[in-house]
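Those protein sequence lines, which keep their order, are chains W and D. According to the working numbering, the first sequence holds residues 131 to 470 in order. According to the working numbering, the second sequence holds residues 131 to 470 in order. Cβ atoms here follow ideal geometry from the backbone N, Cα and C, with glycine treated the same way. Nothing here was measured: the structure is a model prediction, and the numbers come from that model.
Number of protein chains: 2
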Amino acid sequence: MRPSYRVAIVGATGLVGKEMRTILEERGFPVSELRLLASERSKGEVQSFRDEAHVVSTLVEESFEGIDFALFSAGEEVSREFAPLAVKAGAIVIDNSAAWRMDSEVPLVVPEVNDGALTKHKGIIANPNCSTIQLVVALAPLHDECILERVVVATYQSVSGMGSAALDELLAQSIQLANFRPVTQKVFRQQMAFNLVPHCGSMQSDGWTSEETKLVHETRKILGEPELQIAATAVRVPVFIGHGEAVFVELEHPISVQEARDLWAEADGIEVRDDLEAGTYPMPVDAAGQDAVYVGRIRIDESVQHGLSFFVAADNLRKGAATNAVQIAEELAKRRESGH
Amino acid sequence: MRPSYRVAIVGATGLVGKEMRTILEERGFPVSELRLLASERSKGEVQSFRDEAHVVSTLVEESFEGIDFALFSAGEEVSREFAPLAVKAGAIVIDNSAAWRMDSEVPLVVPEVNDGALTKHKGIIANPNCSTIQLVVALAPLHDECILERVVVATYQSVSGMGSAALDELLAQSIQLANFRPVTQKVFRQQMAFNLVPHCGSMQSDGWTSEETKLVHETRKILGEPELQIAATAVRVPVFIGHGEAVFVELEHPISVQEARDLWAEADGIEVRDDLEAGTYPMPVDAAGQDAVYVGRIRIDESVQHGLSFFVAADNLRKGAATNAVQIAEELAKRRESGH
Numbered sequence: 131m132r133p134s135y136r137v138a139i140v141g142a143t144g145l146v147g148k149e150m151r152t153i154l155e156e157r158g159f160p161v162s163e164l165r166l167l168a169s170e171r172s173k174g175e176v177q178s179f180r181d182e183a184h185v186v187s188t189l190v191e192e193s194f195e196g197i198d199f200a201l202f203s204a205g206e207e208v209s210r211e212f213a214p215l216a217v218k219a220g221a222i223v224i225d226n227s228a229a230w231r232m233d234s235e236v237p238l239v240v241p242e243v244n245d246g247a248l249t250k251h252k253g254i255i256a257n258p259n260c261s262t263i264q265l266v267v268a269l270a271p272l273h274d275e276c277i278l279e280r281v282v283v284a285t286y287q288s289v290s291g292m293g294s295a296a297l298d299e300l301l302a303q304s305i306q307l308a309n310f311r312p313v314t315q316k317v318f319r320q321q322m323a324f325n326l327v328p329h330c331g332s333m334q335s336d337g338w339t340s341e342e343t344k345l346v347h348e349t350r351k352i353l354g355e356p357e358l359q360i361a362a363t364a365v366r367v368p369v370f371i372g373h374g375e376a377v378f379v380e381l382e383h384p385i386s387v388q389e390a391r392d393l394w395a396e397a398d399g400i401e402v403r404d405d406l407e408a409g410t411y412p413m414p415v416d417a418a419g420q421d422a423v424y425v426g427r428i429r430i431d432e433s434v435q436h437g438l439s440f441f442v443a444a445d446n447l448r449k450g451a452a453t454n455a456v457q458i459a460e461e462l463a464k465r466r467e468s469g470h
Numbered sequence: 131m132r133p134s135y136r137v138a139i140v141g142a143t144g145l146v147g148k149e150m151r152t153i154l155e156e157r158g159f160p161v162s163e164l165r166l167l168a169s170e171r172s173k174g175e176v177q178s179f180r181d182e183a184h185v186v187s188t189l190v191e192e193s194f195e196g197i198d199f200a201l202f203s204a205g206e207e208v209s210r211e212f213a214p215l216a217v218k219a220g221a222i223v224i225d226n227s228a229a230w231r232m233d234s235e236v237p238l239v240v241p242e243v244n245d246g247a248l249t250k251h252k253g254i255i256a257n258p259n260c261s262t263i264q265l266v267v268a269l270a271p272l273h274d275e276c277i278l279e280r281v282v283v284a285t286y287q288s289v290s291g292m293g294s295a296a297l298d299e300l301l302a303q304s305i306q307l308a309n310f311r312p313v314t315q316k317v318f319r320q321q322m323a324f325n326l327v328p329h330c331g332s333m334q335s336d337g338w339t340s341e342e343t344k345l346v347h348e349t350r351k352i353l354g355e356p357e358l359q360i361a362a363t364a365v366r367v368p369v370f371i372g373h374g375e376a377v378f379v380e381l382e383h384p385i386s387v388q389e390a391r392d393l394w395a396e397a398d399g400i401e402v403r404d405d406l407e408a409g410t411y412p413m414p415v416d417a418a419g420q421d422a423v424y425v426g427r428i429r430i431d432e433s434v435q436h437g438l439s440f441f442v443a444a445d446n447l448r449k450g451a452a453t454n455a456v457q458i459a460e461e462l463a464k465r466r467e468s469g470h
């Protein structure tokens, strides 16, 4: 009989936390006990898992007794404080925050790309940022085949990356504007409905945003290429779920459009959507609710030697967060079961 | 006394045609007669210009008798057929369609950048594509100072570039989705509300779209650099008015962020919006209704030698179309008055 695991979700009432619960169920992860944890104010909330009611309890120091896998998605501060406590209690933490991603002793893993990094860890595995995950899933097969020299990426990021209140506010603002009323703003610093905001995350010292530097540093770490040249501009767009990315790469070795298409078609976790004539290309509305990273608009970029340009879309809550975390748990369980 | 001119607007009932009328009035262009022309089905529509009612008449071969300047914005076919007739009747045509832009005998002009190109023409001046205009206004001062080697641009284009029916359909789809009803599609091939569509314009042979190749060829022509390396991805976003562009340039000579900011602050037609901490950056919601090209998010791009990255936003109907056309007319009038 296959073993089963006691799993905790920290941040169980957030958008990603809820998605983690859904995906554990969808993928049939062998859960013997599910412990839903959140802050004091969500205590007592009832969620369903495999048709059974589960009550959310308050995250405390003792929350992790007996837990095998703790999936964290409650922000950096919570992860910094509670991940070590979970490890101490014997759990393996899979952390969706930025708290541990750049720690040299913490593997930063996208299973399709670098599951080998899971062999050595101190109890914490970091889940990359949403925009990084969909980028590296698309880049990895290309890097294996042609070697990346430089990556330029412009993102089109949906508001769900900012949590469930952002979904509500985009909807509210859209309705307000449709009725010629002024917009209300609580979550967004700027009007988000029918607008573009070239500011995702916090400001860094040199004018870059945290979302942009994450794309650079996390991609380098996952691909194991600390010198890879990457430039990024991250823009929030009035979309509920699903991030888009316009990507321009410079390769050491040339590749044709058909070769790239074939490469991606065979790669794990990718669906090619590349037929402009048929109106087939990656779009958030198709990617939302799916686990694949959609790749399309594949073109030779003649403005540089061995240039290739393409567009990527994926569900930022699923593959960009919850699905990737559960895939890491699956991989760790597999390794444990086979004795690695 | 300053001379005044008889002006025709072809496509007077379209979004850009209406904006041309507004801008002629706003800028006090010396109009002695305004002739509003459109297709048969708009005949009899009444528009106001300087508080006087003007009746739209049907565009016919004889529409241009006595006209000095004919501003065209009625699509390529109309321009191909009627621009030569207008020239024959003695008018100078300023054409907003793609029909004549790449004709070697037709100047393609953004007055802030290459008004010198107006000295020689055969009666037709082409107005560039909306996404090209805002790009070259930002690129030109940088090119003058540091010489562009390569430009990578990802666009975020509003739906108004597709005409007034597109505005209605984005609003309708947004309301439908807010009410959990299926979306209706007539103008858009894809759901546009709360989605991203990486497909602007028609398909070209090599997988690029017409909007992307226009960015390449028109930018080269306006800057007078037929070999300039440019890569572009054009994406339609659920915004009513105002295009955004994430731009990454490689320069022959280095420039600091402050030097670039100063350069743009002094340049004609540009407003610098570059203070991330204050939440100040180019956004469609601010650019809409304005004539300036907004430039911000200015950063050194260390992924390449002498790299600079920035974000641009402008009103695609005004500076991206109507304002630029009226500026060309002003420039031509000035030259005529000074005997050039």
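| query | Leaving out the 5 sequence neighbours to the left and right, which residues in its chain are closer than 6 Å to D:LYS173 when beta-carbon positions are compared? | reply | Here the set comprises THR188.
| query | Do the region 392-400 of chain D and the region 304-319 of chain W meet, that is, are 3 or more Cβ pairs less than 8 Å apart? | reply | Flag = no, the region 392-400 of chain D and the region 304-319 of chain W do not touch.
| When the distance is taken between beta carbons, is D:ILE224 closer than 8 Å to D:GLY450? | No Cβ-Cβ contact shorter than 8 Å links D:GLY450 with D:ILE224.
| request: Taking only beta-carbon positions, decide if D:LEU301 is within less than 8 Å of chain W. | output: Using beta-carbon distances, D:LEU301 counts as an interface residue toward chain W, with a partner under 8 Å.
| contact_flag[the region 150-164 of chain W, the region 131-139 of chain W] where n(CB pairs < 8 Å) is 3 or more | Yes, since at least three Cβ pairs between the region 150-164 of chain W and the region 131-139 of chain W fall closer than 8 Å, the two stretches touch.
| field | Distance CB(D:ALA229)-CB(D:GLU206) smaller than 8 Å | value | Their beta carbons are under 8 Å apart, which means D:ALA229 touches D:GLU206 by this criterion.
| query | What residues in the region 298-326 of chain W bring their beta carbon closer than 7 Å to a beta carbon of chain D? | reply | Listed in sequence order: LEU301, SER304, ILE305, ALA308, ARG319, GLN320, GLN321, PHE324, ASN325, LEU326.
| said: Restricting to runs no shorter than 4 residues, where is the alpha helix (DSSP H) found entirely within the region 242-325 of chain D? | reply: If one requires a minimum length of 4 residues, the alpha helix (DSSP H) runs lying completely within the region 242-325 of chain D are 260-276, 294-308, in chain order.
| Which residues of chain D have a Cβ atom closer than 7 Å to the Cβ of W:GLY437, listed in chain order? | Ordered by position in chain D, the residues that pass the 7 Å Cβ test against W:GLY437 are ALA361.
| message | Nearest by alpha-carbon distance to D:ALA418: which of D:GLY372, D:GLU342, D:ASN454, D:LEU278 is it? | response | The shortest Cα separation from D:ALA418 among D:GLY372, D:GLU342, D:ASN454, D:LEU278 belongs to D:GLY372.
| request: Given a cut-off of 8 Å, decide if W:THR285 and W:VAL365 are closer than it, judged by their beta-carbon atoms. | output: Against a cut-off of 8 Å, the Cβ pair of W:THR285 and W:VAL365 comes out as a contact.
| request: Just the C-alpha distance for W:GLU474 and D:ASP405, rounded to the nearest angstrom, thanks. | output: It is not possible to answer for residue 474 of chain W, since the shown part of chain W is limited to 131 through 470.
| D:HIS383 vs D:CYS276 beta-carbon contact at 8 Å | The answer is yes: Cβ separation under 8 Å.
| said: Quick check: the Cα distance between D:ILE458 and D:ILE222, rounded to an integer number of angstroms? | reply: Using only the alpha carbons, I get a separation of about 11 Å.
| message | Quick test of the definition: if touching needs 3 or more C-beta pairs under 8 Å, does the region 293-303 of chain D touch the region 373-380 of chain D? | response | In short, these stretches do not touch, since the Cβ pair count stays below three.
| request: Measure the Cβ-Cβ separation of D:PHE199 and D:GLY141 and say whether it is below 8 Å. | output: No, they are not a contact pair.
| query | Pick from D:PHE212, D:ASP181, D:PHE179: whose alpha carbon is nearest that of D:PHE194? | reply | Looking at the Cα atoms, D:PHE212 is the closest of the given residues.
| Span of the beta strand (DSSP E) around W:ARG366 | Under the DSSP assignment, W:ARG366 falls in the beta strand (DSSP E) whose first and last residues are 359-366.
| said: Under 9 Å, CB to CB, which of the residues in the region 429-457 of chain D have a partner in chain W? | reply: Listed in sequence order: ARG429, ILE430, ASP431, GLU432, SER433, VAL434, GLY437, SER439, PHE440, PHE441, ALA443.
| message | Suppose contacts are defined by Cβ-Cβ distances below 8 Å. Is D:GLU149 in contact with D:LEU447 by that definition? | response | It is a contact, given that the beta carbons lie within the stated cut-off.
| query | If we ignore side chains and look at the alpha-carbon of each, how far apart do W:LEU145 and W:THR349 end up? | reply | Approximately 24 Å between the Cα atoms of the pair.
| field | Sequence ranges, alpha helix (DSSP H) only - wholly within the region 397-444 of chain D, length at least 4 | value | Correct list: 414-417.
| said: Need the endpoints of the beta strand (DSSP E) that W:HIS329 sits in, please. | reply: Per DSSP, W:HIS329 belongs to no beta strand (DSSP E) and is neither H nor E.
| query | What do you get for D:ASP274, buried or exposed, if any count of 16 or more other CB atoms within 10 angstroms of its CB means buried? | reply | So D:ASP274 ends up on the exposed side.
| task | Indicate the three-state DSSP secondary structure (helix, strand or coil) for D:THR152 in the structure shown. | result | D:THR152 carries a helical assignment under DSSP once its states are collapsed to helix, strand and coil.
| said: Any beta carbon of chain W sitting closer than 8 Å to that of D:GLU407? | reply: Residue-level contact by beta carbon holds for D:GLU407 and chain W, with a gap shorter than 8 Å.
| query | Using a C-beta to C-beta distance shorter than 8 Å, which residues of chain W count as neighbours of D:TYR286? | reply | Residues of chain W passing the Cβ test: TYR286, LEU326, VAL365, VAL367.
| query | With DSSP run on the structure shown, which of helix, strand or coil describes D:ARG165? | reply | Correct three-state label for D:ARG165: strand.
| said: Just checking: is the beta-carbon of D:TRP338 within a distance shorter than 8 Å of some beta-carbon in chain W? | reply: Among the CB atoms of chain W, one or more fall inside 8 Å of the CB of D:TRP338.
| task | For W:TYR411, go through chain D and note every residue whose CB falls closer than 7 Å to its CB, in chain order. | result | Ordered by position in chain D, the residues that pass the 7 Å Cβ test against W:TYR411 are PRO328, HIS329.
| field | W:ILE291 to W:LEU238 span [Cα, whole Å] | value | A small correction: the amino acid at residue 291 of chain W is Gly; Ile does not occupy that position in the sequence shown. Linking W:GLY291 to W:LEU238 through their CA atoms gives a straight-line distance of about 19 Å.
| Closest Cα partner of W:PRO414 within the set W:PHE324, W:PRO368, W:VAL317 | When each option's Cα is compared against that of W:PRO414, the closest is W:PRO368.
| request: Indicate whether W:VAL317 and W:GLU341 have their beta-carbon atoms separated by less than 8 Å. | output: No, these two residues do not count as a Cβ contact at 8 Å.
| task | Count the other CB atoms, across all protein chains shown, that sit within 10 Å of the CB of W:PRO241; report buried if there are 16 or more and exposed otherwise. | result | Only buried fits W:PRO241, as 16 or more other CB atoms lie within 10 angstroms of its CB.
| Can you name the start and end residues of the beta strand (DSSP E) that W:GLU206 belongs to? | No beta strand (DSSP E) holds W:GLU206; the alpha helix (DSSP H) holding it covers 206-218.
| query | From which residue to which residue does the alpha helix (DSSP H) around D:VAL456 run? | reply | Counting along the chain, D:VAL456 sits inside the alpha helix (DSSP H) bounded by residues 453-467.
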